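Asker: Sequential numbering of the sequence shown, starting at 219, is according to this note's numbering.
Below are the structure tokens for one structure; questions will follow.
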Amino acid sequence: MKKIILYAAAALALVSCDKYLNQYPHNAVASDNLTEDDAEMLMTGVYNIAQYKPTFNGWALFDIIGGDLIRPGATSTNTPALVVQGAIGPDFSIVGGPWNGFYAGMYQINNFIQSVEKLPDSVKKDEMLGVGHFFRGLYYYNIVARWRDVPIVDHIISEDIAQTPEAQAWEFVASEFQLAMKMAPDFKTKNYVSKDAAKALLARTYLAMGRKEEAADLAEQLITCGRFALADFSDIFRGNANREEIFTFSNLLEEGSYNIGSYYYTKESPVGGSYTFCPTQEAMDMFEHIDKRRTVSVDIQGSNNVVNKYCKGDAGHDPIYITRLAEMYLISAEGKGLARGIDRLNELRRFRGLGDVAPSTEDAFLDAVLKERRLELFGEGFRWFDLVRTGKYEQMVGVDHKYTVLPIPSRELTLNKLLKQHPLWVASGQDE
219 MKKIILYAAA ALALVSCDKY LNQYPHNAVA SDNLTEDDAE MLMTGVYNIA
269 QYKPTFNGWA LFDIIGGDLI RPGATSTNTP ALVVQGAIGP DFSIVGGPWN
319 GFYAGMYQIN NFIQSVEKLP DSVKKDEMLG VGHFFRGLYY YNIVARWRDV
369 PIVDHIISED IAQTPEAQAW EFVASEFQLA MKMAPDFKTK NYVSKDAAKA
419 LLARTYLAMG RKEEAADLAE QLITCGRFAL ADFSDIFRGN ANREEIFTFS
469 NLLEEGSYNI GSYYYTKESP VGGSYTFCPT QEAMDMFEHI DKRRTVSVDI
519 QGSNNVVNKY CKGDAGHDPI YITRLAEMYL ISAEGKGLAR GIDRLNELRR
569 FRGLGDVAPS TEDAFLDAVL KERRLELFGE GFRWFDLVRT GKYEQMVGVD
619 HKYTVLPIPS RELTLNKLLK QHPLWVASGQ DE
């Protein structure tokens with residue numbers, strides 16, 4: 219009976235409720251009498267929640283508003299700037315949906331951590347806590363990158379909570395991945411949380427925080443550890459065995475309804491698709507013909523440009539790629555700077571079939587790294603924040619400064635009286 223209750227509690231987190239910072243009762247799981255076996259079943263629910271609660275917009279938003287995608291056939295959204303202006307606002311679902319999803323999932327993650335903390339000390343307990351801290355770090359990385367000053371909820375609460383300043387919030391994200399590095403299991407497969415996955419996301423977090431040397435050091439540890447190696451794109455994105463993926467959500471058909479490929483493929487493709495977003499012509503043209511990534515990254519179906527990394531369309535579910543080794547090459551390069559980082563950048567380029575680059579200044583080198591990130595990580599949820607964190611977003615996409623941060627959803631401002639709208643959105647007159 220206890221196991222049935224635990225499964226039900228895990229499923230409960232899939233239900234939408236009104237107030238996402240405090241939406242479930244304190245007794246959702248009878249955690250005082252948990253065994254390790256019970257906790258492992260609850261952890262299965264956490265893996266499920268971590269994949270699906272953010273929704274497509276949660277994982278894909280940085281691509282949607284990053285300047286490389288438009289809506290096909292709609293004159294009102296046929297430029298990147300129009301897509302951004304038409305999608306981002308305090309009352310728009312592309313903002314509110316992921317906020318709700320991340321905080322709804324956070325409740326289950328917090329509940330899992332608090333429940334496991336009550337178990338007797340053991341190696342398994344530590345490993346499960348490592349998984350919990352990893353997912354809490356992953357969620358908060360995405361939350362802080364979008365909204366900056368945000369409520370940090372690290373326990374089950376029953377009252378309104380104010381925002382934590384951005385710098386302090388980033389420190390919290392880093393601390394979660396530091397705990398996961400110590401406690402999570404060793405790497406076994408790409409679909410399970412590991413110390414290596416936590417190290418990769420801590421490197422990403424340090425880069426966001428401007429701690430570039432530390433980011434590069436962690437990235438180098440993963441590059442040189444011997445467990446991972448660069449792989450052909452066709453192996454990574456067509457389901458073949460490879461050693462490049464460090465952590466990937468399997469996104470199984472029987473577990474959820476999050477169908478990435480459908481948003482990018484056309485109805486005319488052999489597997490169908492809703493064709494909600496498509497690459498700009500500039501994004502199509504940025505891939506040289508000798509680039510081994512080109513045909514897997516983008517394609518033309520009939521006369522339509524498509525994102526081709528997610529190839530199952532309406533026929534199935536593609537994985538959600540969280541981190542892989544190529545990102546570590548790019549973090550190492552950016553973190554080290556021109557003199558010491560150019561070799562890693564060119565090593566990746568040569569593996570992908572391209573020639574070396576030779577920028578002469580730090581600014582030119584950063585531009586070269588960002589260009590390579592755009593090519594390598596196209597469609598994997600990086601572009602918007604890459605441009606925002608390097609101060610290039612407004613110029614590259616042609617939008618106002620307020621779009622470098624997402625507004626707090628209006629509904630959340632009504633529900634949580636301690637929340638305050640970001641000043642850029644208050645100044646714009648869109649804080650109602």
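We put the beta carbon where it would ideally sit given N, CA and C, even for glycine.
Bear in mind the structure is a predicted one, so any value in this text is a computation, not a measurement.
For Ala322 versus Val362, is the C-beta distance shorter than 8 Å?
Answerer: Residue 322 sits at position 104 when you count from the first residue of the sequence shown. Residue 362 sits at position 144 when you count from the first residue of the sequence shown. Not in contact: Ala322 and Val362 (Cβ atoms no closer than 8 Å).
Asker: Determine the DSSP secondary structure at Tyr493, reduced to helix, strand or coil.
Answerer: Stepping through the sequence shown from its first residue, residue 493 is reached at position 275. Looking at Tyr493 - three-state DSSP - the assignment turns out to be coil, as it is neither helix nor strand.
Asker: Under 8 Å: do the segment 515 to 534 and the segment 388 to 396 share three or more Cβ pairs, one atom per stretch?
Answerer: Judged by Cβ distances under 8 Å, the segment 515 to 534 makes no contact with the segment 388 to 396, as fewer than three pairs qualify.
Asker: Can you list, in chain order, the stretches of the alpha helix (DSSP H) that have 4 or more residues and sit fully within the segment 274 to 342?
Answerer: Here the runs fully enclosed are 298 to 305, 311 to 335.
Asker: Out of Ile283, Pro383, Trp317, Glu254, which one is the CA nearest neighbour of Ile626?
Answerer: Translated into positions along the sequence shown, residue 626 becomes position 408. Cα-wise, what sits closest to Ile626 is Trp317.
Asker: If Gly491 sits next to Tyr482, beta carbons under 8 Å apart, how far is it from one beta carbon to the other, in whole angstroms?
Answerer: The residue given as residue 491 occupies position 273 in the sequence shown. The residue given as residue 482 occupies position 264 in the sequence shown. So it is a contact: roughly 7 Å between Cβ atoms.
Asker: How far does the beta strand (DSSP E) with Tyr539 in it extend, from its first residue to its last?
Answerer: Position 321 of the sequence shown holds residue 539. Run containing Tyr539: 538 to 542, per the beta strand (DSSP E) assignment.
Asker: So, for Lys408: in the same chain, excluding its five sequence neighbours on each side, which residues have a beta-carbon less than 7 Å away from its beta-carbon?
Answerer: As a first step, residue 408 is located in the sequence shown; it is residue number 190 there, counting from the start. Closer than 7 Å at the Cβ level, and outside the excluded window around Lys408, lie Glu463, Ile464, Phe465, Thr466.
Asker: Measuring CB to CB, does Ile282 end up less than 8 Å from Ala305?
Answerer: Counted from its first residue, the sequence shown places residue 282 at position 64. Counted from its first residue, the sequence shown places residue 305 at position 87. Contact: yes.
Asker: Would Ala402 be called buried (16 or more neighbouring beta carbons within 10 Å of its own) or exposed?
Answerer: Within the sequence shown, the letter at position 184 stands for residue 402. Classification for Ala402: buried.
Asker: So Asn564 is in the beta strand (DSSP E); what residue range does that whole segment cover?
Answerer: Position 346 of the sequence shown holds residue 564. Looking at the DSSP string, Asn564 is not in any beta strand (DSSP E); the run it does join, the alpha helix (DSSP H), is 556 to 569.
Asker: When you compare each of Gly559, Cys496, Gly263 to Met546 by their alpha carbons, which one comes out closest?
Answerer: The residue given as residue 546 occupies position 328 in the sequence shown. Checking every option, the nearest Cα to that of Met546 belongs to Gly559.
Asker: Tell whether a beta-carbon distance below 8 Å holds between Gly553 and Leu425.
Answerer: On the sequence shown, position 335 is the one that residue 553 refers to. On the sequence shown, position 207 is the one that residue 425 refers to. Result yes, Cβ atoms of Gly553 and Leu425 sit closer than 8 Å.
Asker: Going by the beta-carbon positions, is the gap between Ser452 and Gly531 smaller than 8 Å?
Answerer: The residue you call residue 452 lines up with position 234 of the sequence shown. The residue you call residue 531 lines up with position 313 of the sequence shown. Not a contact, by the Cβ cut-off of 8 Å.
Asker: For Asp574, collect the residues of the same chain with a Cβ closer than 6 Å to its Cβ; drop the 5 residues on either side in sequence, then sort them by chain order.
Answerer: In the sequence shown, counting from the first residue as 1, residue 574 sits at position 356. Excluding residues within five positions, the ones whose Cβ falls inside 6 Å are Asn564.
Asker: Is the CB-CB distance between Pro290 and Asn522 below 8 Å?
Answerer: On the sequence shown, residue 290 is found 72 positions in, with the first residue counted as 1. On the sequence shown, residue 522 is found 304 positions in, with the first residue counted as 1. Result yes, Cβ atoms of Pro290 and Asn522 sit closer than 8 Å.
Asker: State the Cα-Cα distance for the pair Gln241 and Ile379, rounded to the nearest angstrom.
Answerer: Residue mapping note: residue 241 aligns to position 23 of the sequence shown, counting from 1. Residue mapping note: residue 379 aligns to position 161 of the sequence shown, counting from 1. Unreliable positioning characterises Gln241 in this predicted model, as indicated by a pLDDT of 41, which lies under 50. The coordinate reading is nonetheless provided below. Rounded to the nearest angstrom, the two C-alpha atoms are 13 Å apart.
Asker: Which residue wins for smallest C-alpha separation from Phe495, given the options Ser468, Val524, Ser475?
Answerer: Within the sequence shown, residue 495 is the residue found at index 277, counting from 1. Ranking the options by Cα distance to Phe495, first place goes to Val524.
Asker: What is the rounded straight-line gap between the Cα of Met502 and the Cα of Phe352?
Answerer: On the sequence shown, position 284 is the one that residue 502 refers to. On the sequence shown, position 134 is the one that residue 352 refers to. Computed Cα separation, rounded: 35 Å.
Asker: With respect to the beta strand (DSSP E) encompassing Gln519, which residues constitute its N-terminal and C-terminal limits?
Answerer: Here the question's residue 519 lines up with position 301 in the sequence shown. First-last of the beta strand (DSSP E) with Gln519: 516 to 519.
Asker: How many Å lie between Phe583 and Arg562 at the Cα?
Answerer: Translated into positions along the sequence shown, residue 583 becomes position 365. Translated into positions along the sequence shown, residue 562 becomes position 344. Cα to Cα, the separation comes out at about 12 Å.
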